[in-house]
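Numbering (my numbering), first residue to last: 395 to 525. Ideal Cβ placement from N, Cα and C applies to all residues, glycine included. Here the structure is a predicted model, which is why all the values come from computation and not from measurement. Taking it in order: structure first as structure tokens, then the write-up.
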Ligand code: SF4
């Protein structure tokens, strides 16, 4: 089955990020990038999401909340690792409270932090079934 979708609803979860990745993700909602023109949007509830976007290395305190939010996203669903920390190769990878990012993401958007245009391009390619 093709993954191509007209829209892509994202629930974001900060799993111990330094907030660098959030800054760049938030920039996509500005008039300059206008994320919504591509049918991509950030939603408040995981119940309304197609994909979960995780930032940060997944700290001890965020491991269980991450599992709960992931369970709340309806099937079929995708997991997006935004930034090197979530992808398991960030600067906090070896920190004592780090779980080294998310397991088996469907999409990795690399960078520390990734540039807004790169995030947008990757999400859009993913939505179109090309990423
Ligand atoms: S990848 Fe870089 S910017 Fe993103 S949470 Fe990790 S340290 Fe911060």
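- Contact annotation: the segment 405-421 touches the segment 506-516, with at least three C-beta pairs closer than 8 Å.
- Along the length of the segment 460-495, whole beta strand (DSSP E) runs at least 3 residues long occupy 472-476, reported in chain order.
- Judged by pairs of C-beta atoms under 8 Å, the segment 438-450 touches the segment 405-416, as three or more such pairs exist.
- Here the alpha carbons of residue 432 and residue 422 stand approximately 11 Å from one another.
- Residue 438 is classed as exposed because its beta carbon has fewer than 16 other beta carbons within 10 Å across all chains shown.
- Going by C-alpha positions, residue 398 is about 17 Å away from residue 430.
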